[in-house]
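Residue numbers (our numbering): 47 to 351.
Okay, so here's the structure we're looking at.
Right, here's the structure in full:
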């Protein structure tokens with residue numbers, strides 16, 4: 047028995063001396079082959095007074111899901127926890143182990159594996175399937191560790207960049223980046239003015255006073271937020287959005303003028319077909335080697351168009 051116990055502990059990497067493995071076997075559960083390990087969790091002393099004079103009163107059997115190398119064969123530890131009564135202090139207690147938290151049927155090792163998988167670019171469905179747990183379990187594991195990542199409201203980078211992106215359920219979310227190293231500072235569920243004012247209002251006045259520049263698009267209420275929260279900050283409009291606005295305005299004007307001509311006219315075709323050429327610099331256009339253009343039935347260079 048001792049040899050079997052040590053072999054199983056070595057295989058499962060369990061170091062708790064109070065757990066004694068007695069047997070292992072395969073069992074079909076819900077049309078899936080499970081690997082079952084039977085073990086007993088011993089209570090060596092009273093957790094209240096430390097007395098060794100204990101009166102044993104049965105076991106509480108708990109099925110704990112454990113790590114497995116093969117997701118198609120889930121591993122379960124059928125752990126029988128001793129229920130004891132102390133003869134000295136007359137208090138009842140149940141044997142506990144670091145294998146799993148109290149009242150929990152998911153091993154701590156499985157939770158650590160789930161947390162490690164959450165750092166990768168993977169879906170929660172894939173992580174849940176690999177660890178033989180539900181998606182809700184993966185979400186709970188992530189939620190239980192969120193308190194360890196408390197935001198500090200005493201520091202802000204000197205340069206920030208604001209933008210939005212389309213995320214969950216096709217909703218637009220707010221993202222804030224460090225302008226120097228492009229690291230993500232914060233992601234908010236919504237990009238509403240009320241939400242952003244509430245978030246940046248939590249920072250200390252000193253942190254907001256040290257803020258220097260913010261790079262943004264032409265979203266008008268971003269400018270209101272910067273003026274309200276960062277008195278010393280300068281607003282920098284991103285060149286990409288400026289060029290994008292000019293391009294859209296130019297194309298809108300081109301289409302407006304184009305629609306004033308008949309669709310069969312040469313002017314209409316000149317404004318419609320080579321629209322990409324109008325967005326290029328004139329110095330970059332070919333001026334020497336003409337090519338036949340079937341729209342205009344003539345040999346023309348892009349510069350002549």
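Where is the CB? At the ideal position from N, CA and C, for every residue including glycine.
None of these values were measured; they are calculated from a predicted model.
CB of residue i within 8 angstroms of CB of residue j, strictly
i	j	result
residue 260	residue 206	yes
residue 145	residue 156	no
residue 176	residue 124	no
residue 100	residue 131	yes
residue 253	residue 278	no
residue 86	residue 126	yes
residue 94	residue 133	no
residue 368	residue 67	Outside the displayed range of the chain (47 to 351) lies residue 368, so it cannot be described from this structure.
residue 143	residue 92	no
residue 348	residue 316	no
residue 257	residue 276	yes
residue 73	residue 65	no
DSSP state of residue i mapped onto helix, strand, coil
i	result
residue 260	strand
residue 122	strand
residue 49	helix
residue 280	strand
residue 294	helix
residue 128	strand
residue 229	coil
residue 272	helix
residue 111	strand
residue 57	helix
residue 234	strand
residue 175	helix
residue 71	strand
residue 334	coil
residue 145	coil
residue 97	coil
residue 153	strand
residue 91	coil
residue 139	strand
residue 85	strand
residue 220	strand
Neighbour-count burial assignment, residue i, 16 or more Cβ in a 10 Å radius
i	result
residue 183	buried
residue 135	exposed
residue 328	exposed
residue 150	exposed
residue 61	exposed
residue 116	exposed
residue 345	exposed
residue 128	buried
residue 160	buried
residue 233	exposed
residue 242	buried
residue 178	buried
residue 111	buried
Alpha-carbon to alpha-carbon, residue j and residue i
i	j	result
residue 296	residue 212	26 angstroms
residue 333	residue 280	44 angstroms
residue 170	residue 231	23 angstroms
residue 290	residue 221	20 angstroms
residue 69	residue 108	15 angstroms
residue 203	residue 224	6 angstroms
residue 49	residue 113	22 angstroms
residue 201	residue 240	21 angstroms
residue 273	residue 246	12 angstroms
residue 309	residue 338	21 angstroms
residue 227	residue 198	19 angstroms
residue 180	residue 174	5 angstroms
residue 292	residue 187	48 angstroms
residue 287	residue 214	24 angstroms
residue 208	residue 314	41 angstroms
residue 267	residue 238	9 angstroms
residue 283	residue 189	37 angstroms
residue 263	residue 300	24 angstroms
residue 210	residue 270	16 angstroms
residue 119	residue 57	15 angstroms
residue 80	residue 122	7 angstroms
So within the region 177-216, which uninterrupted alpha helix (DSSP H) runs reach at least 4 residues, ignoring any that extend past its ends?
Whole alpha helix (DSSP H) segments, 4+ residues: 181-190.
Whole alpha helix (DSSP H) elements within the region 306-332, 4-residue minimum:
With a minimum length of 4 residues, the continuous alpha helix (DSSP H) runs that stay inside the region 306-332 are 312-318.
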